[in-house]
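S.K.:
Number of protein chains: 2
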Amino acid sequence: MAGPEHSRGSILVVDDEPTIGDVVSRYLVRAGYRARVAGDGPSAVQAALDQRPDLVVLDLMLPGMDGLEVMRRIRSAHSGRPAIILLTARGEESDRVIGLRLGADDYVVKPFSPAELVARVDAVLRRLDTTGEPDDELDFGALRIDPAARRVHLDDEEVVLTAREFDLLAFLAQHPGQAFTRSQLMDHVWRYSFYSDTSTVTVHIRRLRFKLEPDPSQPRYIETVWGVGYRFSP
Amino acid sequence: MAGPEHSRGSILVVDDEPTIGDVVSRYLVRAGYRARVAGDGPSAVQAALDQRPDLVVLDLMLPGMDGLEVMRRIRSAHSGRPAIILLTARGEESDRVIGLRLGADDYVVKPFSPAELVARVDAVLRRLDTTGEPDDELDFGALRIDPAARRVHLDDEEVVLTAREFDLLAFLAQHPGQAFTRSQLMDHVWRYSFYSDTSTVTVHIRRLRFKLEPDPSQPRYIETVWGVGYRFSP
DNA sequence: GCGCGCCTGAACATCCGGTGAACTCGGCAC
DNA sequence: GTGCCGAGTTCACCGGATGTTCAGGCGCGC
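For the protein sequence lines, the chains are E and D, in the order given. If you're matching positions, the first sequence starts at 33 in my numbering and goes up one per residue. If you're matching positions, the second sequence starts at 33 in my numbering and goes up one per residue.
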């Protein structure tokens, strides 16, 4: 789509080996992305917060901080945000599995070719389409949602939501009227590639209703779509 | 929650090594899918046409026909229908990249564990989810059907339908004027491979008519096609 | 007028979402 | 390090919503 001038998305590459980070980022730039490199865990977390990338390419073998730990921090800082592709060494089967459970969007086994990585990045971002939802404030009269500030107001009163609660509400509200299955919500809000149990969604919906709805047993904003899932009604 | 549902989808496994095909299909069946195995390219293409699987697990190394060629044929046969997961040997990296470019949904590198493959299958199918028609709103004047919201309006009045009722109506309306047998409706709406009794369809049609038709005994939208089944007339 | 197929009503079986509560895990204060 | 706390997850239970079955009667097409 957009030419090389207007970037296709911003990507953070985390690898302790400068050569790899360098080559990879160069390929990504050539493919039309904006790319940054971080060489260790702490600076990766920092960069993720500053830069707000759309995707992070993360080497699991990092000095100082475990790669999975980095991933968890990035995710928990802003629970839904960047997609993550893990780089794993051959045979780290357990790491792979753990990584995917923690919600990596994909992984690439080393050694890999830069072309393959780029293809993976393309695939993941294509699948997630929306290169990040817009951060415009959502105004539904009594209910106002500010994605940038991550605040919600109901009748000018602030409603304090947890990270997941906010992400869930924001996602639903960004697609008003559309019905989603619990699995879809898991995909978009939790970013889990593999889920065990969708009842987590149910519970979070309940808490949202408890905090938001005038009468939680008679929801006005978050409707149940029986046999399907939920729908936000403005 | 993911209990022993009806069937989660139909899968075609293509591998020239009987052992692999066998093990994989067994795991898939245990995970709740219907699975078929094909041992070579031509029969894979044939099976894909007959069976219309939701997903194809395709070994790239096939005797007789190149795996990528098989993939192309399957894809071109019916437009983009089945999702495709490629099995590739380590190091066949160019194939993998080409595969992804050609529109494979994922690939798994051999050797892989069956559990991992199943997880991948889950992920791909859930990601695509839609398992069906586009979400465009259907407008027939007084009757409007919104698949995304899963809502139906009749003369600007919302008609509340259950999940099955909605699916049935949406399917019929997506093929206006076309007559379907009860078995076909079972196939498409219920996704059963084997059904004992098609009278379920009859009952659901009745309820739909009751909710939709101005005069349910004189149906306007859902016509009976004697000796065949039903037809939606816009 | 006949027979098959469709409609009807209601009973029956099943599923699903809401709920409360327990449990895990990290973060934080001490 | 220890222990508390909050967020997130998991689980079992329950009641109502939903889906299925069935027998009888009616209507359609021949």
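No residue lacks a Cβ here, since even glycine has one placed at the ideal position from N, Cα and C.
On a CA-only basis, which of D/Ala147, D/Leu244, D/Val260 is nearest D/Arg176? Give me that one, please.
M.R.: Looking up residue 176 of chain D in the second sequence gives position 144. Nearest Cα to D/Arg176 within the set D/Ala147, D/Leu244, D/Val260: D/Leu244.
S.K.: Okay, do the region 211 to 226 of chain E and the region 182 to 200 of chain E touch, 3+ Cβ pairs below 8 Å being the bar?
M.R.: yes
S.K.: Whose C-beta lies closer than 6 Å to the C-beta of E/Ile43 among residues of the same chain, with five residues either side of it excluded?
M.R.: Your numbering for residue 43 of chain E matches position 11 in the first sequence. Leu60, Tyr65, Ala67, Pro85, Leu87.
S.K.: For D/Arg182, return the contacting residues in chain E, with the cut-off set at a CB-CB distance below 9 Å.
M.R.: Working through the second sequence from its first residue, we reach residue 182 of chain D at position 150. Those are Gln210, Ala211, Val257, Val260, Arg263, listed as they occur along chain E.
S.K.: Which of the three DSSP states, helix, strand or coil, is assigned to E/Lys142?
M.R.: The sequence position of residue 142 of chain E within the first sequence is 110, counting from 1. Reduced to three states, the DSSP call for E/Lys142 is coil.
S.K.: Does any residue of chain D have a CB that is nearer than 9 Å to the CB of E/Val89?
M.R.: To locate residue 89 of chain E, count along the first sequence from 1; it is residue 57. No, because no Cβ of chain D sits closer than 9 Å to the Cβ of E/Val89.
S.K.: Is the Cβ-Cβ distance between D/Leu170 and D/Gln210 less than 9 Å?
M.R.: Locating residue 170 of chain D in the second sequence gives position 138, where the first residue counts as 1. Locating residue 210 of chain D in the second sequence gives position 178, where the first residue counts as 1. No, Cβ-Cβ distance for D/Leu170 and D/Gln210 is not below 9 Å.
S.K.: Determine, for E/Val141, whether the minimum Cβ-Cβ distance to residues of chain D falls below 9 Å.
M.R.: Taking the first sequence and counting its residues from 1, the one referred to as residue 141 of chain E is at position 109. Judged by the 9 Å Cβ criterion, E/Val141 is in contact with chain D.
S.K.: Give me the chain E residues within the contact set of D/Thr120, using Cβ-Cβ distance strictly less than 7 Å, ordered along the chain.
M.R.: Here residue 120 of chain D is taken as the residue at index 88 of the second sequence, counted from 1. Those do not exist, as D/Thr120 stays about 11 Å from chain E at its closest Cβ, beyond 7 Å.
S.K.: Please go through the same chain and pick out, in chain order, the residues whose beta-carbon is closer than 6 Å to the beta-carbon of E/Ala76, but skip the five residues on each side of it.
M.R.: Against the first sequence, residue 76 of chain E aligns to sequence position 44. The beta carbon of E/Ala76 sits closer than 6 Å to the beta carbons of Val46, Ala70, Val102 from its chain, once the five residues preceding and following it are set aside; these are given in chain order.
S.K.: How many angstroms separate the CA atom of E/Thr120 from the CA atom of E/Tyr139?
M.R.: Position 88 of the first sequence, counted from the first residue, corresponds to residue 120 of chain E. Position 107 of the first sequence, counted from the first residue, corresponds to residue 139 of chain E. The straight-line gap from Cα to Cα measures roughly 7 Å.
S.K.: Output yes or no for whether 9 Å exceeds the beta carbon distance between E/Leu92 and E/Leu100.
M.R.: By 1-based counting over the first sequence, the position of residue 92 of chain E is 60. By 1-based counting over the first sequence, the position of residue 100 of chain E is 68. Contact flag set, yes.
S.K.: Please list, in chain order, the chain E residues whose beta carbon lies closer than 9 Å to that of D/Thr194.
M.R.: Walking along the second sequence from the start, residue 194 of chain D turns up at place 162. In chain order: Trp258, Gly259.
S.K.: Report the rounded CA-to-CA distance for E/Val191 versus E/Arg107, giving the unit in angstroms.
M.R.: Within the first sequence, numbered from 1, the residue matching residue 191 of chain E stands at position 159. Within the first sequence, numbered from 1, the residue matching residue 107 of chain E stands at position 75. Rounded to whole angstroms, E/Val191 to E/Arg107 spans 23 Å at the Cα level.
S.K.: Determine the DSSP secondary structure at D/Gly41, reduced to helix, strand or coil.
M.R.: On the second sequence, position 9 is the one that residue 41 of chain D refers to. In the structure shown, D/Gly41 sits in coil (DSSP, three-state: anything other than H, G, I, E or B).
S.K.: Who are the near neighbours of D/Asp187 in its chain, counting only those whose CB is closer than 8 Å to its CB and skipping five residues on each side?
M.R.: Here residue 187 of chain D is taken as the residue at index 155 of the second sequence, counted from 1. So the qualifying residues of the chain are Ala174.
S.K.: Leaving aside the five residues before and after D/Thr163 along the sequence, list all residues of the same chain whose C-beta is less than 6 Å from its C-beta, in chain order.
M.R.: Position 131 of the second sequence, counted from the start, is the residue given in the question as residue 163 of chain D. Residue placement at D/Thr163 is poorly supported in this model, since its pLDDT is 49, which falls under 50; the coordinates still yield a value, given next. There are no such residues.
S.K.: So, is E/Gly73 buried or exposed, given that buried needs 16 or more other C-beta atoms within 10 angstroms?
M.R.: Stepping through the first sequence from its first residue, residue 73 of chain E is reached at position 41. Classification of E/Gly73: buried, given that the 10 Å Cβ count is 16 or more.
S.K.: Could one say the Cβ of D/Asp178 lies closer than 9 Å to chain E's Cβ atoms, at least one of them?
M.R.: For the purposes of this step, residue 178 of chain D is identified with residue 146 of the second sequence, where counting begins at 1. At least one chain E Cβ lies under 9 Å of D/Asp178.
S.K.: Please list the terminal residues of the continuous alpha helix (DSSP H) segment that includes D/His236.
M.R.: Translated into the one-based positions of the second sequence, residue 236 of chain D becomes position 204. That run of the alpha helix (DSSP H) goes 231 to 244.
S.K.: Determine whether the beta carbon atoms of E/Arg214 and E/Val233 lie at a separation below 9 Å.
M.R.: Position 182 of the first sequence, counted from the first residue, corresponds to residue 214 of chain E. Position 201 of the first sequence, counted from the first residue, corresponds to residue 233 of chain E. Contact: yes.
S.K.: Are the beta-carbon atoms belonging to E/Ile116 and E/Asp98 less than 9 Å from one another?
M.R.: As a first step, residue 116 of chain E is located in the first sequence; it is residue number 84 there, counting from the start. As a first step, residue 98 of chain E is located in the first sequence; it is residue number 66 there, counting from the start. Their beta carbons are not under 9 Å apart, which means E/Ile116 does not touch E/Asp98 by this criterion.
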